[in-house]
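Written below as structure tokens is the structure these notes are about.
There are 2 protein chains.
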Amino acid sequence: MSDVDLTVERLELRGHRVTASRRRVIEAVLARPSHFTVDDVLRETRAVGRATVFRTMKLLTDLNVVCRVLFEDGALHYRVSTRGHHHHVVCRECGRVEDFTTCDVSALVRDLSRATDYEIEGHWLEGYGRCSDCRAATVPASREAPGG
Amino acid sequence: MSDVDLTVERLELRGHRVTASRRRVIEAVLARPSHFTVDDVLRETRAVGRATVFRTMKLLTDLNVVCRVLFEDGALHYRVSTRGHHHHVVCRECGRVEDFTTCDVSALVRDLSRATDYEIEGHWLEGYGRCSDCRAATVPASREAPGG
DNA sequence: ACCTAACTGAGACTCGGTATCAACGCAAAC
DNA sequence: GTTTGCGTTGATACCGAGTCTCAGTTAGGT
Ligand SMILES: [Zn+2]
Ligand SMILES: [Zn+2]
Ligand SMILES: [Zn+2]
Ligand SMILES: [Zn+2]
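These protein sequences, in sequence, are chains U and S. With the first letter of the first sequence counted as 1, position 83 gets the number 83 in the working numbering; the numbers rise by one all the way through. With the first letter of the second sequence counted as 1, position 59 gets the number 207 in the working numbering; the numbers rise by one all the way through.
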């Protein structure tokens, strides 16, 4: 069973109809190698109406098929979601996005609840920096002429 | 020396010109009791051009006079910034915003760097929930008929 | 007072997303 | 297999947030 079929099944289970347009959007989304914008999807699904693409993206987000990645400039990207709740780090240089679940965010949230006396029910966390590849590709600037 | 004058001085120090429009925007911003949107400022500075208000808000953000608060629905709010780098918790019910600096976000960022092999240089973190007041105003639903 | 680069502001424009609504078509009931 | 109805579609208009343009203004240094 393909990823597309699996996603379609998820739609059916939730009582959503499986239409040709939705199928086309799902195919386009699942074919994306990394993160992408709604605009990327729009370009690949010319036959599907603009509104429908936006609606389907929302649907897929609700179904946890994709997750949203907030870029530093405020742009909203998407990426196929493998896990449940998680966060992202985005490389400022090449745009690579990595998930992370290892860090104990829940501990922070607990502290946060205590410190502010808020009952924290949701949060938004993204990291921005440089991936290992991009760091390796640059001459280390912090040490002056490391080898001569 | 008023807050407005202090901010104006900050502008001058950075080599920005002090114009009547900027002064008007600064006054409107500093008079805000809590968080606000650009639209709120626009409404209070009718004499100032739309573009100028946006430009000035950007300027004030760069000067750390205000900070931006990302709401759960994606709306961008501002608030007068008292401290340096900090984060926010937003009450979903009444919209109250609280700063927090107490929690050790830097530890999380350090872990994060290690786990992903990214050099994390920036991050975006907001919490959403219910403030103490709003919780107190509701009959506790988790315990059934606590007092009768 | 003079000069000029910084700034302004009206308005057009872009961009991401939503509302409208008649037409359509999926899927369940018959 | 046909009917039926409601979820869905998509063209298009609209919206809000923010940027661009560019001619005109002005702060502030000399
Ligand atoms: Zn989280
Ligand atoms: Zn990179
Ligand atoms: Zn932080
Ligand atoms: Zn509240």
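Backbone N, C-alpha and C fix where the C-beta goes; we use that ideal spot for every residue, glycine too.
Beta-carbon proximity check, residue i vs residue j, cutoff 7 Å
i, j, result
"residue 273 (chain S)", "residue 125 (chain U)", "yes"
"residue 72 (chain U)", "residue 128 (chain U)", "yes"
"residue 204 (chain S)", "residue 158 (chain S)", "no"
"residue 35 (chain U)", "residue 86 (chain U)", "no"
"residue 239 (chain S)", "residue 229 (chain S)", "no"
"residue 53 (chain U)", "residue 41 (chain U)", "yes"
"residue 278 (chain S)", "residue 246 (chain S)", "no"
"residue 44 (chain U)", "residue 28 (chain U)", "yes"
C-alpha gap between residue i and residue j, whole angstroms
i, j, result
"residue 25 (chain U)", "residue 255 (chain S)", "40 Å"
"residue 62 (chain U)", "residue 136 (chain U)", "38 Å"
"residue 18 (chain U)", "residue 179 (chain S)", "53 Å"
"residue 252 (chain S)", "residue 116 (chain U)", "14 Å"
"residue 79 (chain U)", "residue 4 (chain U)", "15 Å"
"residue 138 (chain U)", "residue 95 (chain U)", "16 Å"
"residue 88 (chain U)", "residue 111 (chain U)", "21 Å"
"residue 123 (chain U)", "residue 74 (chain U)", "16 Å"
"residue 293 (chain S)", "residue 113 (chain U)", "Caution is warranted here: a pLDDT of 40 is assigned to residue 293 (chain S), below 50, making its placement in the model unreliable, and the coordinate value is therefore given only provisionally. Using only the alpha carbons, I get a separation of about 25 Å."
"residue 120 (chain U)", "residue 280 (chain S)", "11 Å"
"residue 1 (chain U)", "residue 39 (chain U)", "28 Å"
"residue 185 (chain S)", "residue 194 (chain S)", "15 Å"
Start and end residues, alpha helix (DSSP H) containing residue i
i, result
"residue 194 (chain S)", "Here residue 194 (chain S) belongs to no alpha helix (DSSP H), and DSSP marks it neither H nor E."
"residue 25 (chain U)", "20-31"
"residue 282 (chain S)", "280-284"
"residue 10 (chain U)", "3-13"
"residue 256 (chain S)", "253-264"
Element boundaries [beta strand (DSSP E), containing residue i]
i, result
"residue 216 (chain S)", "214-218"
"residue 63 (chain U)", "Neither: residue 63 (chain U) is in no beta strand (DSSP E) and is coded neither H nor E."
"residue 94 (chain U)", "Counting along the chain, residue 94 (chain U) falls outside any beta strand (DSSP E), and DSSP gives it neither H nor E."
"residue 103 (chain S)", "The structure shown has nothing for residue 103 (chain S), since chain S only spans 149 to 296."
Supposed close pair residue i, residue j - CB separation, criterion 8 Å
i, j, result
"residue 155 (chain S)", "residue 213 (chain S)", "5 Å"
"residue 101 (chain U)", "residue 83 (chain U)", "6 Å"
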